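Undergrad:
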Amino acid sequence: MPTNAKNLIESYYAAFNAGQPRAMLDLLTDDVIHDINQGARETGRDKFAAFLDHMNISYRERLTDIVVMPGADGTRAAAEFVVHGEYLKTDPGLPEARGQRYVLPAGAFFDISDGRIARVTNYYNLQDWLRQVGAG
573 MPTNAKNLIE SYYAAFNAGQ PRAMLDLLTD DVIHDINQGA RETGRDKFAA
623 FLDHMNISYR ERLTDIVVMP GADGTRAAAE FVVHGEYLKT DPGLPEARGQ
673 RYVLPAGAFF DISDGRIARV TNYYNLQDWL RQVGAG
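Numbering (the numbering used here), first residue to last: 573 to 708.
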């Protein structure tokens with residue numbers, strides 16, 4: 573288990589890029605809060621797991637240029653990165669998927685409790701993503 577905020581978040585993104593959702597989930601608290609970009613707030617590791625399952629069906633993504641910025645007291649962190657993705661299966665309410673590729677700058681904020689991630693809040697420009705996948 574990573575011992576500080578920077579290592580914890582770097583491990584989270586390493587697991588993401590390696591396609592290891594179980595390793596990502598192991599870094600979360602049982603009652604993790606997940607703020608989905610321009611969406612709902614969900615609570616619990618089980619809901620986070622369901623979100624990851626859904627995402628892995630509809631999207632293939634890899635993150636680059638990851639910069640982790642831990643807070644001084646170790647209870648919060650932020651990260652900035654670039655998402656390189658492919659839209660694989662139509663997500664309800666979104667444009668039809670045809671294998672469109674996209675590149676998006678994104679960021680995330682984290683709360684950390686007892687050496688685990690207690691909150692993940694993700695941000696990216698949805699309008700930019702829609703433009704890249706050919707919406708409208």
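A virtual CB, placed ideally from N, CA and C, is assigned to each residue, including glycine. Note that this is a predicted model, so its numbers are computed, not measured.
Mind checking who residue 683 pairs with in its DSSP beta bridge?
TA: For the purposes of this step, residue 683 is taken as the residue at position 111 of the sequence shown. For residue 683, which the question treats as bridged, DSSP gives the partners 648, 691.
Undergrad: Which residues mark the beginning and the end of the alpha helix (DSSP H) in which residue 663 is found?
TA: Counting from 1 along the sequence shown, the entry for residue 663 is found at position 91. No alpha helix (DSSP H) holds residue 663; DSSP gives it neither H nor E.
Undergrad: Quick one: using the 10 Å Cβ neighbour count with 16 as the cut-off for buried, is residue 689 buried or exposed?
TA: Here residue 689 is taken as the residue at index 117 of the sequence shown, counted from 1. When all chains shown are included, residue 689 counts as buried.
Undergrad: If we count the other Cβ atoms within 10 Å of its Cβ and call it buried at 16 or more, is residue 675 buried or exposed?
TA: Position 103 of the sequence shown, counted from the start, is the residue given in the question as residue 675. Looking at its Cβ environment, which holds fewer than 16 other Cβ atoms inside 10 Å, residue 675 is exposed.
Undergrad: Looking at residue 705 and residue 667, is the spacing between their C-beta atoms short of 8 Å?
TA: Counting from one through the sequence shown, the residue named residue 667 turns up at place 95. Counting from one through the sequence shown, the residue named residue 705 turns up at place 133. Taking 8 Å as the Cβ cut-off, residue 667 and residue 705 qualify as a contacting pair.
Undergrad: Check residue 588 in the structure and name its three-state DSSP category.
TA: Residue numbering aside, residue 588 sits at position 16 when the sequence shown is read from its first letter. The answer is helix: DSSP assigns residue 588 an H, G or I state.
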